[in-house]
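S.K.: Chains as they are written, first to last, in my numbering: chain W, 1 to 135; chain V, 1001 to 1386.
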Amino acid sequence: MVYQKPLPKPNADDRFFWEGCKEHKLLFQKCLDCGLVRWPPSIICPNCHSNATEVIEVAGRGKIYTYAVYHQAYHPGFEKDLPYVTAVIELDGGPHFLSNLIDCEPDEVKCDMPVEIVWEDITKEFSLPKFKLVR
Amino acid sequence: MNLKDKYAIVGLGYTPQGRVPDRTASSFHVEAISNAIKDAGLEKKDIDGLICYRHFPSLGGEPDVTPYLVAQQIGLAPKAMSQEANCARSQLLNALGWLEAGLCNYVVISYAHNPLSGGRFFGEGTDNYTKAVFGQFGATSGYAMAARRAMHTFNTGPETWKYIAVGQRKWANLNPIAMMHDRTMTFQNYYDSRWVVEPLRLFDNCLVSDGGRACVVTSVERARELRHPVVSIMGIGQHNPSCEIEQATHMAGPTGAKISGMTAMEMAGITLDDIDACEIYDCFTYTVEITLQDYGFFNPGEGEDWFKDGTIEPGGRMPVNTSGGQLSEAYYMGLTQLTEATMQLMGRCGERQLGPKTNTKTPEIILCSDNGGILQTHSTTILRRL
Ligand SMILES: [Zn+2]
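1) Counting only beta-carbon separations shorter than 8 Å, does E1388 (chain V) have a partner in chain W?
2) Helix, strand or coil, according to DSSP, for Q1353 (chain V) in the structure here?
3) Give a yes or no on whether the minimum CB-CB distance between G1396 (chain V) and chain W is below 8 Å.
4) Using the Cα positions of A1223 (chain V) and L1354 (chain V), report the straight-line distance between them to the nearest angstrom.
5) Does any residue of chain W bring its CB to less than 8 Å from the CB of K1131 (chain V)?
6) For ligand 1, which residues have a Cβ under 6 Å from at least one heavy atom, in chain order?
7) Quick one, are the C-beta atoms of M1185 (chain V) and V1166 (chain V) less than 8 Å apart?
8) Within a Cβ cutoff of 6 Å, which residues of the same chain sit near P8 (chain W), ignoring the five residues on either side of it in sequence?
9) To which residues of the same chain is P1021 (chain V) closer than 7 Å at the C-beta, ignoring the five residues directly before and after it?
10) Buried or exposed: where does Q4 (chain W) fall if 16 or more other Cβ atoms within 10 Å of its Cβ makes it buried?
11) With DSSP as the reference, please indicate the residues paired to Y1007 (chain V) in a beta bridge.
12) Can you pull the chain V residues whose beta carbon is under 7 Å from the beta carbon of Y3 (chain W), in chain order?
13) Mapping the DSSP letters down to three states, classify C962 (chain V) as helix, strand or coil.
14) How big is the Cα-Cα spacing for G1316 (chain V) and P46 (chain W)?
15) Quick check on DSSP: helix, strand or coil for L26 (chain W)?
16) Compare the C-alpha of T1322 (chain V) against each of V:V1107, V:M1333, V:Q1337 and name the closest.
17) Check whether chain V comes within 8 Å of L26 (chain W), counting only Cβ atoms and requiring the distance to be less than that.
18) Under 8 Å, Cβ to Cβ, is there at least one residue of chain W near F1134 (chain V)?
19) In the structure shown, what three-state DSSP assignment does V115 (chain W) receive?
20) Roughly how many angstroms separate the alpha carbons of I1164 (chain V) and I1312 (chain V), rounded to a whole number?
21) For the structure I just gave you, are there three or more beta carbon pairs, one from the segment 1238–1248 of chain V and one from the segment 52–63 of chain W, closer than 8 Å?
22) Roughly how many angstroms separate the alpha carbons of E120 (chain W) and R1149 (chain V), rounded to a whole number?
23) By alpha-carbon positions, which one of V:L1069, V:P1158, V:W1171 ends up nearest to D1192 (chain V)?
24) Mapping the DSSP letters down to three states, classify L1292 (chain V) as helix, strand or coil.
25) Who are the Cβ neighbours of R1352 (chain V) in its own chain at under 8 Å, not counting the five residues just before and after it?
26) Return the CA-CA distance between C1052 (chain V) and K132 (chain W), expressed in angstroms with no decimal places.
27) Looking at the C-beta of H75 (chain W), does it have a partner C-beta in chain V at a distance below 8 Å?
28) Taking the alpha helix (DSSP H) that L948 (chain V) falls in, what are its first and last residues?
29) Interface residues of chain W around H1152 (chain V) at Cβ under 8 Å?
30) How far does the beta strand (DSSP E) with I1366 (chain V) in it reach, from first residue to last?
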């Protein structure tokens, strides 16, 4: 079946991220001078303007900083998922990252709950990092 | 250099508003601008600066609504011109800069759009693919996330927001041009409205409106020669946290309102006690709460107590969004607030006029806010009747 939702459109800044996802690795840029792990990607560190950067893999654990429960679809690809949850994940050793919470009832979600990564292979080219509650 | 009471809003332009089919966005720009010039008692040739509010892609085959298209259609060749692509909300700052530098004498600021008839609601865009792949679209979701974090951080939620939705509706019921003029709202109506993106219900969301709004800005000196009572810009401030809400840590405050508000109050040389009413940018009910909280009207979590007993309603001790605001009058970005504050200070508000008619204080000073993105930009303007 054809995938109905929007697909990533990798660009010059975030291509490394999507290539990492394909191998089920959550990759971010880390500043070699001040240590800030940044997202969205950029050629310099927003904290110290250093362009000395390494790409690190983070473990895919963290907690829910905040979340939203969609009762209305803004794109036809999401209609069958309603109600669905988007959440900002405060990643251990990583940045705040927008994703989905899956395999849960919206009513059981609360801020600060621990979560862990679940990879969804949506096409041959792309995998999405999603999250579930740590039970 | 102190800009306090140096510049004034001297003319306001309205158009039919609400659902107004078969009209282009640019037609609302030119109608609003033409009406604002007439309202000020000026002529087209007097206007030498044009600022269009943020740009939206055009609908229904209309050409791109650029400021030069608008200038052409009103027959102007301005000395200075601009339009924001997004929501930086620095229109009034720009206008004051052009006036202060002597580049312009009369600047007109306009906003117009036709999204209700054109079928564009905030949020169907897929311009940010790192969000769209997870189903994150539009403004409601971002503000829902901010509101949810606030609910986790201090005492707030629908129990607080219902006072904002219902209080503003009571003002709209006094305003014949408000989209919701004929529809009352009870607390139960509020709770019965459907979820859009939880924790925000339909009645926490602003309206989608066709139409436009414009105002003319000039020096107080010139304003004294014109036909309306002089409404001056007493203080102005802006602060732009800028960070996308998905990475932001300011979503439960302090938002840009804190520094922006302090800057404007400092210029005006006043405290909150001097403010008679507020016109607060209300894309969502939560935006009104967090803005007033960051301005210092109440401490975090005390909003529910502050709002209850009709504080912001007709007859209340701090009237807020006296036209009905964007929740219940119509959505024309920050011009909804600026034009209403000016109308109130000029004494032109009919049944909803602050003063004896609504059992409130006759206003001398009104605080206005504007806010863009998802709490990414904020500006504050304090107006007074000189
Ligand atoms: Zn750095």
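Ideal Cβ placement from N, Cα and C applies to all residues, glycine included.
M.R.: Let's see:
1) Since the first residue of chain V shown is 1001 and the last is 1386, residue 1388 (chain V) is not available in this structure.
2) coil
3) No statement about residue 1396 (chain V) is possible, as the shown extent of chain V runs from 1001 to 1386 and does not include it.
4) In a straight line, the C-alpha of A1223 (chain V) is about 23 Å away from that of L1354 (chain V).
5) yes
6) Listed by position in the chain, the residues whose beta carbon lies within less than 6 Å of some heavy atom of ligand 1 are W:C31, W:D33, W:C34, W:L36, W:C45, W:N47, W:C48, W:S50.
7) yes
8) W18, F126
9) S1117
10) Q4 (chain W) is exposed by the Cβ-count criterion.
11) V:S1219
12) Those do not exist, as Y3 (chain W) stays about 10 Å from chain V at its closest Cβ, beyond 7 Å.
13) What is shown of chain V runs 1001 to 1386, which leaves residue 962 (chain V) out entirely.
14) 45 Å
15) strand
16) V:Q1337
17) In terms of beta-carbon proximity, L26 (chain W) stays away from the interface with chain V, with every pair separated by 8 Å or more.
18) Chain W contact via Cβ: present.
19) strand
20) The straight-line gap separating the alpha-carbon atoms of I1164 (chain V) and I1312 (chain V) is approximately 8 Å.
21) Touching, no.
22) Straight-line Cα distance between these residues: approximately 27 Å.
23) Looking at the Cα atoms, V:P1158 is the closest of the given residues.
24) The answer is helix: DSSP assigns L1292 (chain V) an H, G or I state.
25) W1171, L1174, N1175, P1314, T1322, S1323, T1358
26) 45 Å
27) yes
28) A query on residue 948 (chain V) cannot be resolved here, the shown segment of chain V reaching from 1001 to 1386 and no further.
29) Residues of chain W passing the Cβ test: T66, K110, C111, D112.
30) Segment 1365–1372, the beta strand (DSSP E) holding I1366 (chain V).
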